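Colleague: First the structure, which I've put down as structure tokens, then a few questions once you've had a look.
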Amino acid sequence: MLISYTGVISRDITNDLEVQAVLTRCAASEALDTCERMRPFTIKNFCRFFNIDKTPWSSFLNSLKPHVTCPIKKGTYVLKDAEVSSGDFGRFPFASGFYKFEFIMKDQGNGDVITCVYVEATLNP
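Using the working numbering, you'd call the opening residue of the sequence shown number 8 and step up by one each time.
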């Protein structure tokens with residue numbers, strides 16, 4: 008599976024980041040009445056993860072151009088055809104089904120939303 012993304016950061020982000028993520032699993036995209044929302048999770052001080060390899064999001068962060076570091080500079084960040092493989096998420100027990108993933112990144116200092124990403128995918132592991 009390939010993912011592309013363009014994000015425009017309209018100002019420098021000098022504070023650390025807070026990331027919130029929610030995963031929802033459904034039996035199929037046509038069976039939304041089967042959806043089960045998983046427990047959301049929040050990661051504070053996310054900047055520490057920008058230079059760590061072998062995290063589920065490493066391939067995304069390493070593919071962004073220009074490279075992202077904290078503090079985040081104002082500009083346009085592009086992810087073009089980043090490949091997502093099952094190995095990136097090997098620690099997560101994904102079953103076959105239709106998944107919705109919500110990702111919200113906030114400025115930890117003032118709570119401003121920096122970006123929201125919503126992904127839907129059908130997995131057949």
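Cβ atoms here follow ideal geometry from the backbone N, Cα and C, with glycine treated the same way.
Given the structure is predicted, the values throughout are model-derived calculations rather than measurements.
1. Just the Cα atoms here: how many angstroms apart are A89 and P73?
2. Taking the runs of the beta strand (DSSP E) that are 3 residues or longer, which of them lie wholly in the region 23–83?
3. For K81, count neighbouring C-beta atoms within 10 Å of its own C-beta (all shown protein chains included) and say buried if the count is 16 or more, exposed if not.
4. Roughly how many whole angstroms lie between the Cα atoms of K61 and N69?
5. Using only the alpha-carbon positions, how far apart do E37 and T21 sit?
Modeller: So, from the listed chains and residues:
1. Between A89 and P73, the C-alpha separation is close to 14 Å.
2. Counting only runs of at least 3 residues, the region 23–83 fully encloses the following beta strand (DSSP E) elements, listed from N- to C-terminal order: 24–33 and 48–50.
3. Burial state of K81 is exposed, judged by a 10 Å Cβ sphere holding fewer than 16 other Cβ atoms.
4. K61 and N69: Cα-Cα distance of roughly 11 Å.
5. When rounded, the distance between both Cα atoms is 43 Å.
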